[in-house]
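Following: one structure in structure tokens, then a few remarks.
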Ligand SMILES: [Zn+2]
């Protein structure tokens, strides 16, 4: 499913997007950005990567923009993403996560503050309108890329953000999110929501009766169901019910790393059958068991911290290094079990504390293309993983 669609974005059809690109210059630029590592992506891989439509399903940089006044339009040394580094990394479309921490913010503020975060993303886009534009659909992402602009999309992380209110009021909030252009809702976060349970909780709740109403309304509105963070019973309840392709926007393989947030092989097979996709999470926490065990103690300290505080805390520690190859091992496993039409990228940049060596920020994304090619993956497959599959899932949720 979807292979013809992906073929539509083959190389050579991106002339608008790559008009003024000089691959060699970009290669040198990427080399400089790597600092001490001096890693140079080949001109061919870089050219291919820049021509492909690359989409990241999950970044929490919105928190920095909203709480810290982080200027996304200029280059920074800290954080994991900004517009100049997005361009350098060939990232065409970024889903900005809308998130309100349920333990730090009063419940009555969940929905109102989410709307303010959407305002903040829109204001950032308006301030940088020659380089980035809001997008809601697969076609808009393509049109922006052809015009040489990045795309900003919205995803809401956590069903608790529909609160406060009665069930009907919460369903109205869902419609309000859709009207603002929100394209996915993560049904629960690290705490359960009125919709269903979370992987982070001992008691594993499935889909609630209200959750059933929410899921049906989401499919009507074209808001994609996101099951990252969802408890196992929630995932299975929803997958049985879903009529549209769904996503896990930031989850890796549970077979390779036993974090409950990751997807088991049975889940991968079920997502493939549903026509959806699993977007691999870049965080060391979800890639490597040794790293996760070694960082357990720190994890307790970071509760309620903003991502940038978390990252500062981790930066001063010596935790196991996780190579880029570990991430690509996860991609290979997802492809082996789910099939190449059902794998995508969900970096978790500006939320997770540490990333694989060589992929510390969004500017480094071409190394991922290079590593996939080194392992023998075809142009067509790489293109699907970089963005083609997400375009298909987006489009499939648009015809309602
Ligand atoms: Zn998350």
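In my numbering, the protein residues as written are 17 to 416.
For glycine and all other residues, C-beta sits at the position ideal for the given N, C-alpha and C.
Can you tell me whether residue i is buried or exposed, with buried defined as 16 or more other CB within 10 angstroms of its CB?
| i | result |
| --- | --- |
| residue 258 | buried |
| residue 406 | buried |
| residue 84 | exposed |
| residue 96 | buried |
| residue 94 | exposed |
| residue 123 | exposed |
| residue 415 | exposed |
| residue 128 | exposed |
| residue 213 | buried |
| residue 265 | buried |
| residue 332 | exposed |
| residue 175 | buried |
| residue 125 | exposed |
| residue 139 | exposed |
| residue 387 | buried |
| residue 367 | buried |
| residue 399 | buried |
| residue 362 | buried |
| residue 326 | buried |
| residue 103 | buried |
Apart from the five residues on each side of it in sequence, which residues of its chain come closer than 7 Å, Cβ to Cβ, to residue i?
| i | result |
| --- | --- |
| residue 276 | 215 |
| residue 36 | Because residue 36 carries a pLDDT of 39, less than 50, the predicted location of this residue cannot be relied on, and no value is offered for it. |
| residue 307 | 300, 301, 335, 336, 338 |
| residue 117 | 320 |
| residue 191 | 237 |
| residue 248 | 220 |
| residue 156 | 167 |
| residue 389 | 61, 398 |
| residue 119 | 320 |
| residue 91 | 98, 100, 101 |
| residue 134 | 114, 170, 196 |
| residue 206 | 214, 216, 245 |
| residue 345 | 272 |
Output the boundary residues of the beta strand (DSSP E) element that contains residue i.
| i | result |
| --- | --- |
| residue 171 | 166 to 173 |
| residue 201 | 198 to 202 |
| residue 81 | Residue 81 -> not in any beta strand (DSSP E); alpha helix (DSSP H) instead, spanning 77 to 84. |
| residue 110 | 109 to 114 |
| residue 121 | From DSSP, residue 121 is part of no beta strand (DSSP E); its letter is neither H nor E. |
| residue 361 | 359 to 361 |
| residue 131 | Element bounds for residue 131: not the beta strand (DSSP E) but the alpha helix (DSSP H), 126 to 143. |
| residue 242 | 240 to 242 |
| residue 294 | 293 to 296 |
With 8 Å set as the bound, which would you pick, yes or no: does the beta-carbon of residue i sit closer than that to a beta-carbon of chain D?
| i | result |
| --- | --- |
| residue 382 | The structure shown has no chain D; it contains just one protein chain. |
So does residue i have its beta carbon nearer than 7 Å to some heavy atom of ligand 1?
| i | result |
| --- | --- |
| residue 244 | yes |
| residue 367 | yes |
| residue 173 | yes |
| residue 266 | yes |
Once you ignore the five residues that flank residue i on each side, which residues in its own chain have a CB closer than 6 Å to its CB?
| i | result |
| --- | --- |
| residue 288 | 354, 355, 358 |
| residue 141 | 148, 150, 168 |
| residue 146 | none |
| residue 183 | 226 |
| residue 136 | 81, 82 |
| residue 402 | 68, 70 |
Since residue i is in the alpha helix (DSSP H), which residue starts that stretch and which ends it?
| i | result |
| --- | --- |
| residue 64 | 59 to 67 |
| residue 410 | 405 to 412 |
| residue 234 | 225 to 237 |
| residue 102 | 99 to 104 |
| residue 148 | Careful: residue 148 lies outside any alpha helix (DSSP H), inside the beta strand (DSSP E) at 148 to 150. |
| residue 321 | Neither: residue 321 is in no alpha helix (DSSP H) and is coded neither H nor E. |
| residue 284 | 281 to 290 |
| residue 346 | 340 to 354 |
| residue 306 | 305 to 310 |
| residue 160 | 154 to 162 |
| residue 398 | 395 to 399 |
| residue 249 | 248 to 257 |
Leaving out five residues on either side along the sequence, give the residues of the same chain with a beta carbon under 8 Å from the beta carbon of residue i.
| i | result |
| --- | --- |
| residue 304 | 273, 336, 338, 342 |
| residue 194 | 237, 238, 239 |
| residue 132 | 82 |
| residue 261 | 240, 290, 291, 292, 293, 408, 409, 412, 413 |
Shorter than 7 Å, the distance from the beta carbon of residue i to the closest heavy atom of ligand 3, or not?
| i | result |
| --- | --- |
| residue 365 | This structure simply doesn't include ligand 3; it includes ligand 1 instead. |
- Looking at C-beta atoms only, is the number of pairs between the stretch 280 to 288 and the stretch 309 to 324 that lie closer than 8 Å three or more? The stretch 280 to 288, when compared against the stretch 309 to 324, does not touch it at the 8 Å Cβ threshold.
(message) Using 8 Å as the cut-off, can you tell me whether the stretch 63 to 73 makes contact with the stretch 348 to 357, which would need three or more C-beta pairs spanning the two stretches below that distance?
(response) no
* So does the stretch 316 to 324 actually touch the stretch 393 to 401, counting three or more Cβ pairs closer than 8 Å? -> no
- prompt: If you pair each beta-carbon of the stretch 196 to 206 with each one of the stretch 164 to 181, do three or more pairs fall below 8 Å?
  reply: yes
Quick check: the stretch 179 to 193 against the stretch 224 to 231, are at least 3 beta-carbon pairs closer than 8 Å? yes
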